[in-house]
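So for the sequence shown, numbering that gives the first Met the number 0 puts the first residue at 0; every next one is plus one. Positions of the beta carbon are idealized from the N, C-alpha and C atoms, including for glycine. This report refers to the structure that appears directly beneath it.
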Amino acid sequence: MIRKAQFVVSNTTPEKCPKPDRAEIAFIGRSNVGKSSLINMLTGVKELAKTSQKPGKTQLINHFMIDDRWFLVDLPGYGFAKVSKDKKVKWEKMISTYLTTRQNLCGVFVLIDSRLEPQKIDLEFLNWCGEENVPFVVVFTKADKQSKTQTDKNVKAFLDKMAEIFGDYPDYFVTSAEKGAGKEEMLTFISDLIAEYEAEQTN
Numbered sequence: 000m001i002r003k004a005q006f007v008v009s010n011t012t013p014e015k016c017p018k019p020d021r022a023e024i025a026f027i028g029r030s031n032v033g034k035s036s037l038i039n040m041l042t043g044v045k046e047l048a049k050t051s052q053k054p055g056k057t058q059l060i061n062h063f064m065i066d067d068r069w070f071l072v073d074l075p076g077y078g079f080a081k082v083s084k085d086k087k088v089k090w091e092k093m094i095s096t097y098l099t100t101r102q103n104l105c106g107v108f109v110l111i112d113s114r115l116e117p118q119k120i121d122l123e124f125l126n127w128c129g130e131e132n133v134p135f136v137v138v139f140t141k142a143d144k145q146s147k148t149q150t151d152k153n154v155k156a157f158l159d160k161m162a163e164i165f166g167d168y169p170d171y172f173v174t175s176a177e178k179g180a181g182k183e184e185m186l187t188f189i190s191d192l193i194a195e196y197e198a199e200q201t202n
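Given below as C-alpha cells:
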C-alpha cells in the first residue's frame with residue numbers, strides 16, 4: 000500500500016533526473032493507453048499524474064517520490080503521430096537514453112490497451128527493451144471496457160506474440176483503473192522489486 004506520493008520534478012533530459020540513490024520504477028505506453036489513470040489508481044492520489052483526453056499529454060520525464068523511499072517515473076508515450084518528426088525523434092532519444100542509462104531502474108511497466116489486437120508498435124518497443132536488457136513487465140489496461148472474454152482473448156493474442164519473440168510469456172498484469180483491478184498484485188510485485196534492489200545495494 001502506498002501511503003504518500005508527491006511530485007518531485009519534470010525533465011527533458013535524463014541527465015537532469017534526480018540522483019539515482021534509490022529504487023526507481025517507470026511507466027510507459029502508447030499515447031492514450033490510460034497511463035495517468037493507472038498511476039493515480041496505484042498511488043491512490045487522484046490528480047498525481049495528469050489525465051487527459053488528449054493523447055501525448057506527458058512530454059517530460061516526471062519523477063514522483065513514493066513513501067520517501069522510491070521513485071515512480073511517468074515517461075512520455077511512444078508512437079504519438081500528431082507531433083512533428085523532429086519532436087518525435089527527440090522524445091525517442093530521451094526515452095531510450097533514460098531506459099538504457101538509468102542505473103537505479105528496477106522495472107519498466109509497459110502499458111498495453113487490452114481492447115486492441117496486438118499492435119506492431121507495442122511489440123517493436125518490447126522487442127527493443129529485450130535487446131537492450133531493459134527489465135520490463137507488461138500491464139494490460141482498460142480491462143473493464145469490454146467483456147472479460149474479449150479481454151482474455153486480446154491478452155492471450157498479445158502474449159502469444161510475445162512468446163514468438165522471446166520464447167516465453169513475460170510477467171504481466173491485467174488492470175482496470177476505474178475498478179481498481181490488478182492494484183494489489185502490481186503493488187506487491189513493485190514492493191518485491193524495490194526490496195530486491197535495496198538488498199543488492201547493501202551487499
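| Item | Value |
| --- | --- |
| Anticipated Cβ contact below 8 Å, Ser175 with Asp151, distance rounded | Not really, about 14 Å apart at Cβ, beyond 8 Å. |
| Cβ-Cβ distance between Ser113 and Asn61 below 8 Å | no |
| Straight-line Cα distance separating Ile65 from Leu59 | 19 Å |
| Ala204: first and last residue of the uninterrupted alpha helix (DSSP H) it sits in | Missing from the structure shown is residue 204; the chain here goes from 0 to 202 and no further. |
| Rounded Cβ spacing between Val107 and Ala162 (contact assumed at less than 8 Å) | Not really, about 19 Å apart at Cβ, beyond 8 Å. |
| Supposed close pair Pro169, Val137 - CB separation, criterion 8 Å | 5 Å |
| Inter-stretch contact at 8 Å, needing at least 3 Cβ pairs: the region 185-195 / the region 22-42 | yes |
| Leu122 to Cys128 span [Cα, whole Å] | 10 Å |
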